[in-house]
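Asks:
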Amino acid sequence: MLDHLALSESGFLFDARTGLTYTLSRTGTFLLRSLIDGADAETLPERLVASYDVEPLVARRDIEQFLFRLSDIGVLRKDDSDEEVTA
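Per this note's numbering: the sequence shown = residues -4 to 82.
Structure (structure tokens):
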């Protein structure tokens, strides 16, 4: 569950667990919004390809890096869902 996150249309992210705030790029906002709205991480590459002019391999690589970074800073944790969030 990602209900501890508040994400604005402009990419302002508030993590209620930590009280920390972040600013995301337009693409990062798109990806995190998709996850918050219930998308499976496995569908993120095809969503990104459909919405932006990006090659599938580039999309997968960028998403993996983005999810790693969110995990690294503590925004995403293994206990946020029953399954690990990966792309």
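Ideal placement from N, C-alpha and C gives every residue a C-beta, glycine not left out.
With DSSP run on the structure shown, which of helix, strand or coil describes A1?
Replies: Strand, per DSSP.
Asks: Distance, Cα to Cα, R56 vs L0?
Replies: Their Cα atoms are separated by approximately 24 Å.
Asks: Just to confirm my understanding: we take R12, look at its own chain, exclude 5 residues before and 5 after, and list those with CB closer than 7 Å. What are they?
Replies: Excluding residues within five positions, the ones whose Cβ falls inside 7 Å are H(-1).
Asks: T13 by DSSP, collapsed to three states: which one?
Replies: Coil.
Asks: Taking the C-alpha atoms as reference points, what is the distance between D67 and S20?
Replies: C-alpha separation (whole angstroms): 17 Å.
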